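One structure is given here, and the rest of the page talks about it.
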Amino acid sequence: MNGKKFPIVDGHTGADLVKVKTQISPNMLSCFFPLFQQGITVEVETGCSIKELLCGQMGIDHVYLEERITTIFLNGKPVDDCAAAVVGDGAVLALSAAMPGLVGAMLRKGGFYSAMRSDITYRTQNADSIRAKGRIRLKLFNSIMGEAGPLVLRRGIIIPRSKVMKLISETSAEILSGDMPANGDDSADADILLAVEILTS
Amino acid sequence: MDKILRIDMGAKGGPKMTESPLGEYAGLGGRAMTSSIISSEVPPLCHALGQDNKLVIAPGLLTGSAAVMSGRLSIGCKSPLTGTIKESNSGGQAGIAMARYGYAAIVLEGNPEGSDLYKIVINNKGVSIQVDNSLKMLTNYDLIEKMKGEFGEKIACISIGPAGEMKMGAASIAVTDMELRPSRHAGRGGVGAVMGSKGVKVIVFDTTGLKMRQPKEPEKFREANKKFTEGLKSHPVTGKGLPAYGTSVLTNILNEAGGYPTRNFKTGAFEGASAISGETYADLETKRGGLATHGCHTGCVIQCSGTYVDKNGKFISKQPEYETVWAHGGNCGISDPDAIARIDFLDDTYGLDTIEMGVAIGVAMDAGVIQFGDAEGAIRLVNEVGKGTPLGRILGSGAEVTGKAFGVERIPVVKHQSMPAYDPRAVQGMGVTYATSTMGADHTAGYAVTANILKVGGFVDPLKPDGQIELSRNLQIATAAIDSTGMCLFIAFAVLDQPETFQALIDLLNSYYGLSLTADDVSALGKKILTIERNFNMRAGFTAQHDRLPAYFSKMPLPPHNVTFQVKDEDLDKVFNF
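So this is what it looks like as structure tokens:
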């Protein structure tokens, strides 16, 4: 993929942030896995459903969402209907593939055994349905990291400068555009909008 | 498998063995075999470490055949930890060898007088029982090295470590894997202590020239095995998730759900979870030159295990399982994957149940014996158990004894056995199974998620108020049946979602034995096993009052969801209304 054809997608303005674009080789993607598991901040239009956010805004394929992302948590609560669950500003959204064990089956979205965790199941809250620009924390687990991670990185993630520097060092990333704030600057650990392209091998 | 080997370790003049046909136990395997023998032959009120208890080792119905995933071995007795009937099962190679020698069960009976320690050797010349006091207090890894030196590399072993010899409530029985490491364990319920009470350190099977067991209908069997394998490989859990990340792939998920018991079940989320997740372990294994995808026995196609090495590529342990990583990790506030792997190795080599040990150490941390998060302190405590110091003896007796010794209220046990890695306040359905299982708190008791296929007792509406009771009941029935086949419980995921894979499993059994079982027959077997086990427990003094979680789970809310266990006692009492 040519770096010049590599936009940060519309809708992710990060207007007040320094923007940096990088390229990494595919085998360096795993350097982002710890971040994915802990959660990365992304800017989105909130107040919409999980399905609209993932498919409409993030560009995730509908079939992939239906068949591969079978376990979803919104603010720590298992979701059964991602077309109905609304993502509010500041939400934590976690995505996983099918998981083993009885508990894996219980936590699966709309699964037969979902009743066995009904006390923690996500229930829609009206206050979340106000549509506005906002930030959410997105967590990617297991095979979703490698499969959907590149799409999320390409769109751009908001992380502190110190973590960007560490990632660039670990991945030998090539900076395509944007200027990193200098070390020692007042804004040395300010948030940066980092967009990462995974080079095709 | 057409015979039972019985060894009376307490016979006058030394151990005596007899071989007999299956008789009333014909057609049984795995858990069905162990629970049937224990229920029929062991006085329920006997002392679990006394001469009247028996240790029954039984491969599953398909173990030793070409059926994939069929290498499991069941070990049963009256449990010294719980006082109930116990079946604990394990992977590894010994079940396959035992089945190929034709043994449907090996039964260790009686207790020897004196302090001699025995090894039992089974080869093509027969069975020999030898005193070998040079094995005393050897760790499992040292023991197996010694057995390799004596018998060569073509062996499979069932053994106990020092914990078993010291008859600790947390003592496990080790089974060697494909690399001849004693890394697979029948962990739960103190089965290792019963083997220790019989004076048996190790059973060695010479695997030279052993032939695969042959089905009655080879063509049908081959076809069923092919479909079964395809079903497992095409399923996202058994074909992708488990091979790539192992069972610890559950860490992030349970943590996100707020159901990951942390610091002795105080909260449901651990800030260090991602550092010890399956994803992290797999990444470390790959980068360091270990192995992230590996089977625990021949014929495994899921390959959920692995080999964990240090920064220099040196072996630390097999890839620790989810429950182990949780018990010694989040439950103790420890987020160092290397430290947890080192503890896993210590548990394996001393012969300890990782769940019981992790929970006991968590309780000890709650009491202030050491601080939560103190990884080196936890390693020191496990070493104390292995050496049998006074503190080690307390910890090795399990979480309940530890809690009583140190005056802790929050002791997460049911029927004296530690809860595994799923907080029942967040995942209430799991709490139903913990409370009512015949085995004490056990996450595998209701694992085989086949209720909607088996339709045991009719189709369950999970939205009904008593839906969780029915689900737990049906899951326990299905699990008991699968535990009898020798199949790894992880097949359940594919069986849940793919009816054709479940049918292939039944076809495997039918073509192997020339039977015409249906799903109803399989569920009837599960019910029969549970009934036998419940009956034993009732005669041992267990009542409905023992089918309860500790009271604090109904009183102390679990952050972050601040939920308590809500299932009513009268509903728990309905679980076994078949």
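Line by line, the protein sequences are chains Y and X. Numbering-wise (the working numbering), the first sequence opens with residue 24 and increments by one. Numbering-wise (the working numbering), the second sequence opens with residue 1124 and increments by one. Ideal Cβ placement from N, Cα and C applies to all residues, glycine included. Values in this document were obtained by computation on a predicted structure and should not be read as measured data.
Euclidean distance between Cα positions of residue i and residue j
i                           : j                         : result
aspartate 1696 of chain X   : aspartate 1239 of chain X : 46 Å
leucine 176 of chain Y      : valine 219 of chain Y     : 5 Å
leucine 161 of chain Y      : glutamine 60 of chain Y   : 9 Å
glutamate 1147 of chain X   : serine 1193 of chain X    : 24 Å
glutamine 1591 of chain X   : glycine 1133 of chain X   : 46 Å
isoleucine 143 of chain Y   : aspartate 103 of chain Y  : 11 Å
alanine 1483 of chain X     : lysine 189 of chain Y     : 39 Å
glycine 1237 of chain X     : arginine 1411 of chain X  : 48 Å
threonine 1409 of chain X   : alanine 1415 of chain X   : 6 Å
glycine 1150 of chain X     : lysine 1350 of chain X    : 24 Å
alanine 1571 of chain X     : serine 1607 of chain X    : Confidence is the limiting factor: at alanine 1571 of chain X the pLDDT is only 45, short of 50, which leaves the residue's position unreliable and the question unanswerable from this model.
valine 1317 of chain X      : histidine 1539 of chain X : 17 Å
proline 1673 of chain X     : lysine 1339 of chain X    : 49 Å
alanine 1181 of chain X     : glutamate 1394 of chain X : 42 Å
phenylalanine 56 of chain Y : lysine 1248 of chain X    : 55 Å
leucine 116 of chain Y      : glutamine 1668 of chain X : 41 Å
glycine 1206 of chain X     : tyrosine 136 of chain Y   : 31 Å
leucine 1577 of chain X     : glycine 1474 of chain X   : Any reading at leucine 1577 of chain X must be qualified, since the residue scores a pLDDT of 37, below 50, and its modelled position is unreliable; no value is offered.
serine 1282 of chain X      : glycine 124 of chain Y    : 28 Å
Cβ neighbours of residue i in the same chain (closer than 8 Å, five flanking residues each side left out)
i                       : result
lysine 186 of chain Y   : Leu58
glycine 1429 of chain X : Gly1369, Tyr1404, Ala1405, Glu1408, Gly1413, Leu1414, Ala1415, Thr1416, His1417, Lys1441, Gln1442
alanine 1663 of chain X : Pro1167, Leu1168, Lys1201, Gly1206, Thr1207, Ile1208
Any C-beta of chain Y under 9 Å from that of residue i
i                             : result
arginine 1548 of chain X      : yes
cysteine 1611 of chain X      : no
threonine 1186 of chain X     : no
leucine 1598 of chain X       : yes
lysine 1389 of chain X        : no
histidine 1539 of chain X     : no
alanine 1490 of chain X       : no
phenylalanine 1616 of chain X : yes
cysteine 1169 of chain X      : no
threonine 1561 of chain X     : no
threonine 1477 of chain X     : no
glycine 1452 of chain X       : no
glutamine 1426 of chain X     : no
alanine 1604 of chain X       : no
methionine 1679 of chain X    : no
histidine 1669 of chain X     : no
DSSP-derived helix/strand/coil call for residue i
i                          : result
leucine 1504 of chain X    : helix
threonine 1641 of chain X  : coil
alanine 1227 of chain X    : strand
tyrosine 1557 of chain X   : helix
leucine 1653 of chain X    : helix
leucine 1249 of chain X    : Per the sequence presented here, residue 1249 of chain X reads as glycine, with leucine not at that position. Residue state, collapsed to three classes: strand.
leucine 1178 of chain X    : strand
isoleucine 1127 of chain X : strand
isoleucine 1614 of chain X : helix
tyrosine 1636 of chain X   : helix
proline 173 of chain Y     : helix
serine 1320 of chain X     : helix
glutamate 1232 of chain X  : strand
is_contact[residue i, chain X] using C-beta, thresh 9 Å
i                         : result
glycine 124 of chain Y    : yes
methionine 168 of chain Y : yes
arginine 140 of chain Y   : yes
proline 57 of chain Y     : yes
lysine 132 of chain Y     : no
methionine 129 of chain Y : yes
isoleucine 143 of chain Y : yes
threonine 147 of chain Y  : no
The ligand FAD heavy atom lying under 8 Å from the CB of residue i
i                         : result
threonine 1262 of chain X : The ligand FAD is not among the ligands present in this structure, which contains no ligands whatsoever.
Proximal residues to residue i (C-beta, below 7 Å), its chain only, five neighbours per side dropped
i                        : result
glutamine 46 of chain Y  : Gly26, Ala196, Glu197, Leu199, Glu220, Leu222
isoleucine 83 of chain Y : Leu77, Ala171, Leu174
lysine 1587 of chain X   : For lysine 1587 of chain X, the pLDDT reaches just 44, beneath the cut-off of 50, and the residue's location in the model is therefore unreliable, although a value from the coordinates is still provided. None.
valine 1690 of chain X   : Gln1551, Gly1554, Val1555, Gln1591
tyrosine 1675 of chain X : Glu1532, Arg1533
8 Å contact criterion, which residue i and residue j should meet: CB distance rounded
i                          : j                             : result
aspartate 1546 of chain X  : phenylalanine 1388 of chain X : 6 Å
valine 1327 of chain X     : lysine 1242 of chain X        : 6 Å
methionine 1301 of chain X : glutamine 1216 of chain X     : 6 Å
isoleucine 1493 of chain X : alanine 1450 of chain X       : With a Cβ gap of about 15 Å, isoleucine 1493 of chain X and alanine 1450 of chain X do not count as contacting.
Beta-carbon contacts of residue i that lie in its chain and below 6 Å, excluding the five residues immediately before and after
i                        : result
glycine 1456 of chain X  : Arg1386, Phe1495, Gly1496
isoleucine 63 of chain Y : Leu161, Ile180
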